[in-house]
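Colleague: Residues in the sequence shown are numbered consecutively from 11, following my numbering.
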Amino acid sequence: MSAKTTHNKNVPGNSSLLHTLYPYLILAAGTFLLYAWTVRFGFNLDDDYIITSLAKLNNSEHPIKDIFNSWYANGDYRPVTILSFWLEQQLFGAFTPASGHAMNVFIYFILLSVLYRLILTLRWTEDEQRLKTLALITCIFFLVHPNHVSVVANIKSRDNLLSMLLGMAAAIQLIKAYDFRQYYRILFFLLLISLALLCKRDAYSFAIIPLVSIFLFRKTNWKHLIAAGIITYILFLISFGVREFFISQLDYELTDKTALTIAENPLIGNNTFLNTLSLTFTSLFYYLKFLLIPFGYHFYFGSYTIELTPLWSWQNICAFILLAAWGGWSVYKYKTQKLYLFSFLFFCLSIAYAINFFEYVAGIVMDRYNFIASLGFCILLATAILETNKEFISRPFNNKIILLIITIWSIFTYYRTSAWRDYFTLFERDMPHLTKSVVANRIVAGTYIHFALKEETKPDFDRAMTDKYIATGEKYAQQSLANSDRSPLTWELLGLVDLYRRNDTAALTKFRQCYALDSNFLSGVNYLGFTFWNTGQIDSAYHYFSMVMNKEGFFNYSANNLINMLVKNNRQQEADSILHVLKQRFPEDPNLQKKIEEVNSAKINFPAP
Numbered sequence: 011m012s013a014k015t016t017h018n019k020n021v022p023g024n025s026s027l028l029h030t031l032y033p034y035l036i037l038a039a040g041t042f043l044l045y046a047w048t049v050r051f052g053f054n055l056d057d058d059y060i061i062t063s064l065a066k067l068n069n070s071e072h073p074i075k076d077i078f079n080s081w082y083a084n085g086d087y088r089p090v091t092i093l094s095f096w097l098e099q100q101l102f103g104a105f106t107p108a109s110g111h112a113m114n115v116f117i118y119f120i121l122l123s124v125l126y127r128l129i130l131t132l133r134w135t136e137d138e139q140r141l142k143t144l145a146l147i148t149c150i151f152f153l154v155h156p157n158h159v160s161v162v163a164n165i166k167s168r169d170n171l172l173s174m175l176l177g178m179a180a181a182i183q184l185i186k187a188y189d190f191r192q193y194y195r196i197l198f199f200l201l202l203i204s205l206a207l208l209c210k211r212d213a214y215s216f217a218i219i220p221l222v223s224i225f226l227f228r229k230t231n232w233k234h235l236i237a238a239g240i241i242t243y244i245l246f247l248i249s250f251g252v253r254e255f256f257i258s259q260l261d262y263e264l265t266d267k268t269a270l271t272i273a274e275n276p277l278i279g280n281n282t283f284l285n286t287l288s289l290t291f292t293s294l295f296y297y298l299k300f301l302l303i304p305f306g307y308h309f310y311f312g313s314y315t316i317e318l319t320p321l322w323s324w325q326n327i328c329a330f331i332l333l334a335a336w337g338g339w340s341v342y343k344y345k346t347q348k349l350y351l352f353s354f355l356f357f358c359l360s361i362a363y364a365i366n367f368f369e370y371v372a373g374i375v376m377d378r379y380n381f382i383a384s385l386g387f388c389i390l391l392a393t394a395i396l397e398t399n400k401e402f403i404s405r406p407f408n409n410k411i412i413l414l415i416i417t418i419w420s421i422f423t424y425y426r427t428s429a430w431r432d433y434f435t436l437f438e439r440d441m442p443h444l445t446k447s448v449v450a451n452r453i454v455a456g457t458y459i460h461f462a463l464k465e466e467t468k469p470d471f472d473r474a475m476t477d478k479y480i481a482t483g484e485k486y487a488q489q490s491l492a493n494s495d496r497s498p499l500t501w502e503l504l505g506l507v508d509l510y511r512r513n514d515t516a517a518l519t520k521f522r523q524c525y526a527l528d529s530n531f532l533s534g535v536n537y538l539g540f541t542f543w544n545t546g547q548i549d550s551a552y553h554y555f556s557m558v559m560n561k562e563g564f565f566n567y568s569a570n571n572l573i574n575m576l577v578k579n580n581r582q583q584e585a586d587s588i589l590h591v592l593k594q595r596f597p598e599d600p601n602l603q604k605k606i607e608e609v610n611s612a613k614i615n616f617p618a619p
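#1: Please report the straight-line C-alpha distance between Tyr458 and Phe564, rounded to a whole angstrom.
#2: Looking at C-alpha atoms only, which residue of Met557, Ser568, Ser533 and Asn579 is the closest neighbour of Gln547?
#3: Suppose contacts are defined by Cβ-Cβ distances below 8 Å. Is Tyr342 in contact with Leu390 by that definition?
#4: Just verifying my parser: in three-state terms, what is the DSSP assignment at Ile218?
#5: Measure the C-alpha to C-alpha separation of Asp508 and Ala334 and round it to an integer number of angstroms.
#6: Taking just the CA atoms, how far does Asp58 sit from Pro304?
#7: Would you call the region 192 to 204 and the region 168 to 184 in contact, with 3 or more CB pairs under 8 Å?
#8: Does Asp266 come out as helix, strand or coil in the three-state DSSP assignment?
#9: Can you check whether the CB of Val449 is closer than 8 Å to the CB of Gly312?
#10: Tell me which residues share the same chain as Phe246 and place their Cβ nearer than 8 Å to its Cβ, disregarding the 5 neighbours each side in the sequence.
#11: My output table needs one value for Asp495: the three-state DSSP class, helix, strand or coil.
#12: Identify every run of the alpha helix (DSSP H) within the region 411 to 497, keeping only runs that are complete inside it and at least 4 residues long; order them along the chain.
#13: Hey, could you find the ends of the alpha helix (DSSP H) Phe291 is sitting in?
#14: I'd like to check one pair, Ser490 with Asn451: are the Cβ atoms closer than 8 Å?
#15: What residues in its chain sit with their C-beta under 7 Å from that of Phe96, if we drop five residues either side in the sequence?
#16: Going by other Cβ atoms of all chains shown within 10 Å of its Cβ, with 16 needed for buried, is Gly505 buried or exposed?
#17: Check the DSSP bridge columns for Asp86 and list the partner residues they point to.
#18: Pick helix, strand or coil for Ile248, following the three-state DSSP scheme.
#19: Given a cut-off of 8 Å on the beta-carbon distance, is the pair Leu44 and Tyr126 in contact?
#20: What number of angstroms, rounded off, separates the C-alpha of Ser109 from the C-alpha of Leu287?
#21: When the Cα atoms are used, what is the spatial distance from Asp495 to Asp586?
#22: For Ser313, does the three-state DSSP call read helix, strand or coil?
#23: Can you find the residues in the same chain that come closer than 6 Å, C-beta to C-beta, to Thr143, ignoring five residues on each side of it along the sequence?
#24: How is the alpha helix (DSSP H) around Arg191 delimited, first residue to last?
#25: Check whether the Cβ atoms of Arg426 and Pro156 lie closer than 8 Å to each other.
#26: Out of Gly52, Val577, Asn610 and Asn560, state which residue places its alpha-carbon closest to the alpha-carbon of Phe596.
#27: Taking the straight line between their C-alpha atoms, what separation do you get for Asn622 and Asp528?
#28: Taking DSSP as the reference, what is the three-state secondary structure of Glu98?
#29: Do the region 114 to 124 and the region 160 to 177 touch if we need at least three Cβ pairs shorter than 8 Å?
#30: Quick check on DSSP: helix, strand or coil for Leu10?
#31: When DSSP labels each residue in this structure, what does Gln259 get in the three-state scheme?
#32: Three Cβ pairs or more, each shorter than 8 Å: is that satisfied between the region 160 to 173 and the region 426 to 440?
#33: According to the neighbour-count rule (16 or more other Cβ atoms, all chains shown, within 10 Å of its Cβ), is Asn275 buried or exposed?
#34: Going residue by residue through the region 306 to 379, where are the continuous alpha helix (DSSP H) segments of at least 4 residues, counting only ones entirely within it?
#35: Does DSSP classify Glu584 as helix, strand or coil?
#36: I believe Phe309 touches Leu55 by the beta-carbon criterion, under 8 Å. Please report the beta-carbon distance rounded to the nearest angstrom.
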């Protein structure tokens, strides 16, 4: 047999393998070029939630059990997200900024790859070449859109990445179950969508889009469609039921869960139907703005930055016109291109949880709330371009419009990513636009002040540097106070500034004001007790330390402070009695056991007054 006869055109060769891998190689290269440099970035906004959670798990005998028995940042339930960080720590030996950013970039690439597979599975058209081109362009648009920087470049936002990744994987299983009647895949769907919801609730839309896809892109009768709808509804309830089951095992009373304040959302205390409807359209205006204008993203907005306007404000009118145009065009083109309607429904469905209509969200709007919903816009844009220029189906990168969009968005994405290098670069970039935001100023103040206080605990700290950070933090705290004097967290920060400067009398005034505004704000109550201790008012300190200790779900700062104070003041019997009670409440708490050993060995390190 000659060499020529060994080649069979029906056997895949290197060229066909390269053709199969081509979309994934493009996505890998794009992800690397845009985001690989983030591995040199430091920790950033809200990463402390992860650091604190991992620190607690490091002292745990049953870390996985504790992960599923804990709230996320005292306000939500996302155990699978924390589990991913814990597994990362086990893999690399430590949780570092480099490993965190590297994992986020890798997950983003996997997400884009699964998105490509999802679009092929949705089978929007029987034209295979057209479908692959549409899938690739949609994925590239999603890759480069500046709206996604705060998700990829912020380690904490892995919850968004994982919820979308697992949600899409779940949708693929359900679509295949419906298309090929492989009903065993429903079990895989339930597993994946439950995991997605345990990362973040925003994955819910992926439980519904398979049904939308069947309605729009499959030739089926109403009997089968109704059956699919009933199955989808039952699966939706089961998946959320799984999440609620885990939550039901938590102890609500021992959780420092804080409610939204008017500084975070103006509907708090002003939630009339007209105000709610108005803020809904205002929120939609910002989400559409995030998609259409590739700048103006900030780490927080909140009340006073975004005003509660009359229903017929210009922002609301713009939002209504844009949505009506998108929806109207979708209906008009329904017979010739159903993807327009799919993109519109996907956007509306995915962003519904964050429009301040069904529930109120912190910050009013955030670009990361728009992460999944932005896929609808990317589908719309890719569809419109390929519909207008059908000759580019086989050569999409010859299309000047596609190249121009990719170039412009990439430039803005790179620029926005640079702001996320660390806390301080982000604050320098965003704060000139957030002077009216109570919460943004408070976040920045807290970052500078707590950084200085942490540095102060080091034996070789630089006093000039900590003084500088304290002064900067105080400036932002005063700005927050000028915007609203109703924030207990702001008063706490100003009290910490006085503690740093050893001005206990002034600190006591600030912490009392904090307590007057919110007696359930445990951190502020703890500092009130600490300041009373500093001023020698032991009984008052005992009262406030005990108040916090009795509400904490584990051995924490106030209990530790109370024990230290009692031992230092020769009230050993009271300290022993409290330790005995705490041992009954938290029999397996390693920090409590360590404290008992310290007391027994009389080797307590007392805080400086």
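Note that the Cβ used here is the ideal one computed from N, Cα and C, for glycine as well.
Modeller: Quick answer:
#1: Looking up residue 458 in the sequence shown gives position 448. Looking up residue 564 in the sequence shown gives position 554. Roughly 27 Å between the two C-alpha positions.
#2: Looking up residue 547 in the sequence shown gives position 537. Residue Asn579 is the option with its Cα nearest to Gln547.
#3: Taking the first residue of the sequence shown as position 1, residue 342 is located at position 332. Taking the first residue of the sequence shown as position 1, residue 390 is located at position 380. Taking 8 Å as the Cβ cut-off, Tyr342 and Leu390 do not qualify as a contacting pair.
#4: If you number the sequence shown from 1, residue 218 lands on position 208. Ile218: coil per DSSP, three-state reduction.
#5: Start at 1 with the first residue of the sequence shown, and residue 508 comes out as number 498. Start at 1 with the first residue of the sequence shown, and residue 334 comes out as number 324. Cα to Cα, Asp508 sits roughly 54 Å from Ala334.
#6: Residue numbering aside, residue 304 sits at position 294 when the sequence shown is read from its first letter. Residue numbering aside, residue 58 sits at position 48 when the sequence shown is read from its first letter. Approximately 28 Å between the Cα atoms of the pair.
#7: yes
#8: By one-based count along the sequence shown, residue 266 stands at place 256. Low local confidence applies: a pLDDT of 42 at Asp266 is under 50, so the model's placement there is unreliable, with the coordinate-based value given in what follows. In this structure, Asp266 counts as coil in the three-state DSSP scheme.
#9: Residue numbering aside, residue 312 sits at position 302 when the sequence shown is read from its first letter. Residue numbering aside, residue 449 sits at position 439 when the sequence shown is read from its first letter. Cβ distance < 8 Å, so Gly312 and Val449 count as in contact.
#10: As a first step, residue 246 is located in the sequence shown; it is residue number 236 there, counting from the start. If we look at Phe246 and ignore the five residues flanking it on each side, its Cβ neighbours are Tyr214, Ala217 and Ile218.
#11: As a position in the sequence shown, residue 495 is number 485, starting the count at 1. Coil at Asp495, not helix or strand.
#12: 433 to 440, 448 to 466 and 473 to 493
#13: Here the question's residue 291 lines up with position 281 in the sequence shown. Residues Phe283 to Leu302.
#14: What you label residue 451 is simply residue 441 of the sequence shown in a count that begins at 1. What you label residue 490 is simply residue 480 of the sequence shown in a count that begins at 1. Yes, the Cβ-Cβ distance between Asn451 and Ser490 is below 8 Å.
#15: Counting from one through the sequence shown, the residue named residue 96 turns up at place 86. Per the sequence shown, the amino acid found at residue 96 is Trp instead of Phe. Leu64, Leu67, Pro73 and Ile77, listed in sequence order.
#16: Stepping through the sequence shown from its first residue, residue 505 is reached at position 495. Looking at its Cβ environment, which holds 16 or more other Cβ atoms inside 10 Å, Gly505 is buried.
#17: Locating residue 86 in the sequence shown gives position 76, counting from the first residue. Answer is Tyr82.
#18: Looking up residue 248 in the sequence shown gives position 238. Helix at Ile248.
#19: Position 34 of the sequence shown, counted from the first residue, corresponds to residue 44. Position 116 of the sequence shown, counted from the first residue, corresponds to residue 126. For Leu44 and Tyr126, no; Cβs fall outside 8 Å.
#20: For this step, residue 109 is matched to residue 99 along the sequence shown. For this step, residue 287 is matched to residue 277 along the sequence shown. For Ser109 and Leu287, the distance between alpha carbons rounds to 43 Å.
#21: Walking along the sequence shown from the start, residue 495 turns up at place 485. Walking along the sequence shown from the start, residue 586 turns up at place 576. Rounded to the nearest angstrom, the two C-alpha atoms are 41 Å apart.
#22: Indexing the sequence shown from 1 puts residue 313 at position 303. The answer is strand: DSSP assigns Ser313 an E or B state.
#23: The count along the sequence shown starts at 1 and reaches residue 143 at position 133. The beta carbon of Thr143 sits closer than 6 Å to the beta carbons of Ile403 and Pro406 from its chain, once the five residues preceding and following it are set aside; these are given in chain order.
#24: Looking up residue 191 in the sequence shown gives position 181. Arg191 -> no alpha helix (DSSP H), and no H or E assigned at all.
#25: For the purposes of this step, residue 426 is taken as the residue at position 416 of the sequence shown. For the purposes of this step, residue 156 is taken as the residue at position 146 of the sequence shown. A contact, by the Cβ cut-off of 8 Å.
#26: Along the sequence shown, one-based indexing puts residue 596 at 586. Closest option to Phe596, Cα to Cα, is Asn560.
#27: Because the chain in this structure spans residues 11 to 619, residue 622 falls outside the shown range and cannot be described.
#28: Position 88 of the sequence shown, counting from 1, holds the residue named residue 98. In this structure, Glu98 counts as helix in the three-state DSSP scheme.
#29: yes
#30: Because the chain is modelled from 11 through 619, residue 10 falls outside the range shown and cannot be assessed.
#31: On the sequence shown, residue 259 is found 249 positions in, with the first residue counted as 1. Collapsing the DSSP output to three states places Gln259 in coil.
#32: yes
#33: Start at 1 with the first residue of the sequence shown, and residue 275 comes out as number 265. By the 10 Å Cβ count, Asn275 comes out buried.
#34: Within the region 306 to 379, the runs of alpha helix (DSSP H) at least 4 residues long that lie entirely inside it are, in chain order, 324 to 342 and 349 to 361.
#35: Locating residue 584 in the sequence shown gives position 574, where the first residue counts as 1. Helix.
#36: In the sequence shown, the residue the question calls residue 309 occupies position 299. In the sequence shown, the residue the question calls residue 55 occupies position 45. That pair is a contact at about 6 Å.
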